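This report refers to the structure that appears directly beneath it.
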Amino acid sequence: MVDKIILFATRQPFFVVLGVLTLIAGGIFALAKLPIDAVPDITSNQVQIFTVSPALAPQEIERLVSYPIEVAMQNLPDVEEVRSISKFGLSAVTVVFEDDVDIYFARQLVAQKVQEAKADLPPGIPEPELGPVSTGLGDIYQYEVVGEGYTPMDLRTIQDWIIKRQLAGTPGLAEVNTFGGELKQYQVLIDPQKLLKYNLSLRDVIEAVENNNANAPGAYIEHKQEQYIVVGVGIARAMEDIGNIIVKSEGGVPIFVRDVASIDVGAAIRQGAVTVNGKSEIVSGITMMLQGENAREVVTRVKEKIAHVQETLPKGVKIVPFYDRSELVNRAIKTVYTNLTEGALLVIIILFLLLMNLRGGFIVASVIPLSMLFAVVMMKLNGVSGNLMSLGAIDFGIIVDGAVVLIENAVRKLHERQHSPALMASETVQQTLIGSFLEVGRPILFGVAIIIIVYLPLLTLEGIEGKMFKPMAYTVVYAIAGALFLTFTYVPVMSLFFLKKKISEKESPIITFLKPLYHRTLLFALRQKLVVVGGAVAVFIGAILLFTRLGGEFVPTLDEGDILIELRRLPSISFTESIHTAQMLEAELTSIPEVLGVVSKTGRPEIANDPMSIHQSDVYIRMKPREEWTSAKTKDEMIALMTEKMGRIPGIGGGFSQPIEMRFNELIAGVRSDVGVKIFGEDLETLGKLGDVILNIVQSRQGSADARVQQTEGLPQLQIVIDRNKIARYGINVADVNILIQTALAGTEVGRIYEGEKQFDLVVKFQRESRTDVEGIKNLLVPSPNEEKVRLGDIADFVMLEGPAEITHSAGRRYLVVESNVRERDIESFVQDIQKEIREKVRLPAGYAITYGGEFENLERARARLSIVVPVSLFLIFLLLFASVNSARQALIIFSAIPLAVVGGIVALWVRDMPFSISAGVGFIALFGVAVLNGLVMLSYYNKLIQEGVSVRDAVIKGSETRLRPVITTALVASLGFIPMALSTSAGAEVQRPLATVVIGGLITSTFLTLVVLPVIFEWLGTKASSEKS
21 MVDKIILFAT RQPFFVVLGV LTLIAGGIFA LAKLPIDAVP DITSNQVQIF TVSPALAPQE
81 IERLVSYPIE VAMQNLPDVE EVRSISKFGL SAVTVVFEDD VDIYFARQLV AQKVQEAKAD
141 LPPGIPEPEL GPVSTGLGDI YQYEVVGEGY TPMDLRTIQD WIIKRQLAGT PGLAEVNTFG
201 GELKQYQVLI DPQKLLKYNL SLRDVIEAVE NNNANAPGAY IEHKQEQYIV VGVGIARAME
261 DIGNIIVKSE GGVPIFVRDV ASIDVGAAIR QGAVTVNGKS EIVSGITMML QGENAREVVT
321 RVKEKIAHVQ ETLPKGVKIV PFYDRSELVN RAIKTVYTNL TEGALLVIII LFLLLMNLRG
381 GFIVASVIPL SMLFAVVMMK LNGVSGNLMS LGAIDFGIIV DGAVVLIENA VRKLHERQHS
441 PALMASETVQ QTLIGSFLEV GRPILFGVAI IIIVYLPLLT LEGIEGKMFK PMAYTVVYAI
501 AGALFLTFTY VPVMSLFFLK KKISEKESPI ITFLKPLYHR TLLFALRQKL VVVGGAVAVF
561 IGAILLFTRL GGEFVPTLDE GDILIELRRL PSISFTESIH TAQMLEAELT SIPEVLGVVS
621 KTGRPEIAND PMSIHQSDVY IRMKPREEWT SAKTKDEMIA LMTEKMGRIP GIGGGFSQPI
681 EMRFNELIAG VRSDVGVKIF GEDLETLGKL GDVILNIVQS RQGSADARVQ QTEGLPQLQI
741 VIDRNKIARY GINVADVNIL IQTALAGTEV GRIYEGEKQF DLVVKFQRES RTDVEGIKNL
801 LVPSPNEEKV RLGDIADFVM LEGPAEITHS AGRRYLVVES NVRERDIESF VQDIQKEIRE
861 KVRLPAGYAI TYGGEFENLE RARARLSIVV PVSLFLIFLL LFASVNSARQ ALIIFSAIPL
921 AVVGGIVALW VRDMPFSISA GVGFIALFGV AVLNGLVMLS YYNKLIQEGV SVRDAVIKGS
981 ETRLRPVITT ALVASLGFIP MALSTSAGAE VQRPLATVVI GGLITSTFLT LVVLPVIFEW
1041 LGTKASSEKS
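Residue numbers for the sequence shown follow our numbering, beginning at 21 and rising by one.
Here it is in structure tokens:
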């Protein structure tokens, strides 16, 4: 089939040129439309359910809200995990589906189950809401709303009703979230003493306001041939209207709301705040990208829309960005572009130096952009985005291997023809070229097919590792497949155009230098077969032993540029003090010259997609580019400096992370750190004690950083325990007491007030003076049926205690997490250490269990999958080798290139002090294919010479020396293509370095095997192999 393709191309060059021009046009169009992001979106396929109930304690949220919703979700199809977190006033339930479930279908299933679960929720619980259709990469653009002379309430109102509403229609956005400021409310603030004076109950006021703040539809009437819509207007338009509502009439004298309450504008109960640079509170907006959208394009649209929105804002109000995902995307893509460009230039230079033929080098070099355009077209058609992983693993040296072999053989054959009068007389230049193409076509097909085949098992990866490495596998396969097709069509046609003239084949100085050295080495190796083969085996065994000492991690951490601190205080801290400590830390951090700005988010936003409590903050630190740093050379040194600054503020602790990294960890594993030890059990106190023991173990291990135990206890509670005997004596029921507590302290929503398009909640609550301390609450009066007013303190006990701060569930079971980041050590050995220590020192009560999550969990799952994928790849390689050479013995000879290639990869990782990671594992898989390509080309030439009657020894020597240049060329171009990636320190290079390091190191040793060890093995087994093949 290869021969037919080559012959068709050389006979119909017009169609080939037309196809290439079509490819160029299609590739440029696809490149303009290709989705671009910094990293692949590895968030699990999940739907979040949020239920906000501001008055309920964590244990009540767990029992009354989270648990019924969890139970409803357990029997949904294709669900991998259901987990929840219950905090004061908030339930967040996360349902994780299998990756192949459509997200909108999943949301529909969850929404149906939520409707069923509502029947099990207590009356008065707000309706559960689904989180936005977004992911861990969803927070793409965040901004501040600032304005001189505007209050936090003014700015919040501007954000909610002007900015947010205009941004919401931007294509690609799932949600615009508001964080910080004061949510405006109209409040009816009741004076309990006046209720007593007028003999009114709290329910009287609530019902009066509810019944006197509505319009009534009256259909329409016809009058004088016209139709009039009838509307009964009774809605309150201003505070005066509310005050004029009649609560009751005594002896014909009306008692108005204003007689028992003041009407004012106030702020809703706050659960979150945003502060900046240690100065003041601000209002911020968070734009969340729709799942599957192009981050850079959506950010561009948001910026354009914000520029338009800015013109509609009140004078003095400005929108100031403080987080822009496109900056990271641009840095990462610049890294990819730089690495690819430098790699391509190195490949082109080495091609010219080794081929010593400008025209031939140009033809091979032109395959690089054409194959890349083919890959981009296929990526666009199949929905693969461009990012560090999908584009960063492309090695143009590997891509053009087939074209290198084809052109090298053509140039050599033309040179032989020019020096052979018999050949000059018997065949034309075109016949010589076509013959040279057909001679190496089959080995090239099988060699490149092997490189493609080794990537295919990567497509079976699942979960996070699948989302990270499948795009890379697709892109590399597209690029190599495109290059292979071009090698058999475009390259022959271009050769007929450009190589017809006289070929001046000057031998490369590199090859001239290497030939005599190689000749002596080869003769020595052939005389000392046992030493050479024994040495290769010994080196392989040593590398395997070295591999066990490398350690392991999932993937190297991508340096996002900015830093994030997960700030924690005691759960008992007040909201005001929590904000104050955040501002103190901001002031300390802004004193570091490399810090551009600091923004702290304390508590949770309006849409609680990040369910933090008021004692928790995310501190975003915008950093200058690394080249401008003077206070620290590395990120670890900068974190140490920030840790020292944080230590100056009493009562706080924190862990260091990055914005995207933190969101990924949290959404994927339910923890925010590299390693999470999950302790499952029923009793919170027992979990807390076990957590403290395990925390001490984790902190004692070398490499532990930012270790902490989940704060499940320590939230102060004032429990008002109703005495049923006492309320029975007065004829009071529990509902009367509960409505008093809820309305007096939290407030009861009784309607809305409209200001044009804006609408604000109307809330009834007691005046602040009546609800600021325990004595004031005890003195609240509860109405009884006999019109006697009873003090709350006389019918209830007031108990102050510490209750749960948060309660987490997974699969319906409570658990507690001990978290830790890992620095200056690989994660695998760190976890193995703490596992051993925990097994020896921790005795779990019956019914309790421990699991390990975070990045380590991803590494274990990926390793299990690779333990299947790698053998499959090796088996497929062997099958293709066997199909190519029709000899199991010769297939094994070529296959022996893989162990020595592995040696180089392992040693390269060890020399660079890199642990084994999934990135490195993918590098090994890529290496397998490249390692056998040269061996296949070499062995094919041995067989050709033997078939021509040459002895095995002479065939080995002549074949090896003849193939020295193509072997060196393919190895050099493949390894040099990865050099920029291996040495890069730019944004995102951390993820690429292990892959590139493995391939470069492996190619060095596999090339040695191809040139030295493989000829020895072939001669050793050559006679049998050749006879078996024949």
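C-beta: ideal position from N, C-alpha, C; glycine also.
Bear in mind the structure is a predicted one, so any value in this text is a computation, not a measurement.
Self-check item: Cβ neighbour criterion (16 or more within 10 Å) applied to V253
Solution: exposed
Quick check on DSSP: helix, strand or coil for K107? strand
Report task. Could you name the residues of the same chain whose beta carbon sits closer than 8 angstroms to that of Y248, not counting the 5 residues immediately before and after it, in chain order? Result -> Y240, I241 and E242
Handout entry: Nearest-angstrom Cβ-Cβ length linking V250 and G263, presumed shorter than 8 angstroms
Key = Going by Cβ atoms, the distance from V250 to G263 rounds to 28 angstroms, so no, they are not a contact pair.
Please say whether I81 and V134 have beta carbons closer to each other than 8 angstroms? no
Quiz item: Beta-carbon separation of M643 and A652 under 8 angstroms?
Solution: no
Could you work out which residue in V225, V166 and V889 is closest to A281 when comparing CA atoms only?
V225
Can you name, in chain order, every residue of its own chain whose Cβ lies under 8 angstroms from the Cβ of V889, other than the five neighbours on each side?
P477, L478, T480, L481 and I945
inquiry  = Could you tell me which whole alpha helix (DSSP H) segments of length 4 or greater appear in the segment 221–290?
reply    = 222–231, 259–263 and 277–280
For A258 and Q1054, the rounded distance between their alpha carbons: Only positions 21 to 1050 of the chain appear in the structure, and residue 1054 is not among them; the question remains open.
Can you check the segment 366–444 for any alpha helix (DSSP H) of at least 4 residues that lies completely inside it and give the ranges in chain order? 378–401, 408–412, 416–419 and 421–438
Q.
Quick check: the Cα distance between E164 and L707, rounded to an integer number of angstroms?
A. 40 angstroms
Nearest to L956 (by Cα), restricted to the options F489, F1038 and Q636 | F1038
Taking only three categories from DSSP, how would you classify K698?
strand
### Task
Kindly indicate which three-state DSSP category A1045 falls into: helix, strand or coil?
Here A1045 scores only 48 on pLDDT, less than 50, and its place in the model should not be relied on; the value that follows carries that caveat. In this structure, A1045 counts as helix in the three-state DSSP scheme.
DSSP has E101 in a bridge; who is on the other side? V116
One question on the structure: do I419 and I368 come within less than 8 angstroms of each other, judged by their Cβ atoms?
no
message: By the DSSP assignment, the beta strand (DSSP E) with H829 in it spans what residues?
response: E826 to S830
Within its chain, find whatever has a CB closer than 6 angstroms to the CB of A188; leave out the 5 residues flanking it on each side and keep chain order. V196
Here's the rule: buried if 16 or more other CB atoms are within 10 angstroms of the residue's CB, otherwise exposed. What is F517? exposed
Point to revise | Beta-carbon proximity list for V923, same chain, < 6 angstroms, skipping 5 on both sides | key: V559, F560, A563 and T1025
Classify P986 as helix, strand or coil using the three-state DSSP reduction. helix
For L735 and A866, believed in contact at Cβ under 8 angstroms, the rounded distance: Contact doesn't hold; Cβ gap of about 28 angstroms is too wide.
Nearest candidate by alpha-carbon position, reference R843, set G483, E702 and S693 = S693
In this structure, what does DSSP give as the bridge partners for T871? K698
*asked:* Can you find the residues in the same chain that come closer than 6 angstroms, C-beta to C-beta, to T177, ignoring five residues on each side of it along the sequence?
replied: K204
### Query
Roughly how many whole angstroms lie between the Cα atoms of G39 and A503?
14 angstroms
Ordered along the chain, which non-local residues of its own chain (more than five positions away) have a Cβ less than 8 angstroms from that of S1047?
-> Below a pLDDT of 50, predicted positions are generally treated as unreliable, and S1047, at 48, falls in that range; the measurement from the model is reported next regardless. If we look at S1047 and ignore the five residues flanking it on each side, it has no Cβ neighbours.
- Message: On the DSSP bridge list, what partners appear for P803?
- Response: K809
**Contacts around Y475, its chain only, beta-carbon distance under 6 angstroms, and the 5 residues preceding and following it disregarded** = A493, V496 and V497
What does DSSP give as the partner residue(s) for N297 in the beta ladder?
According to DSSP, which records beta bridges pairwise, N297 is partnered with nothing at all.
Under the three-state reduction of DSSP, which class applies to A75: helix, strand or coil? coil
Between I938 and G925, what straight-line distance do the alpha-carbon atoms span, to the nearest angstrom? 13 angstroms
Check your understanding: For P463, which residues from the same chain have a beta carbon less than 6 angstroms from its beta carbon, with the 5 sequence-adjacent residues on both sides left out?
Key -> L956, V957 and S960
- Query: Going by beta carbon distance, what residues of the same chain come within less than 6 angstroms of V296, once the five residues before and after it are set aside?
  - Reply: I302 and V619
| said: Does M604 come out as helix, strand or coil in the three-state DSSP assignment? | reply: helix
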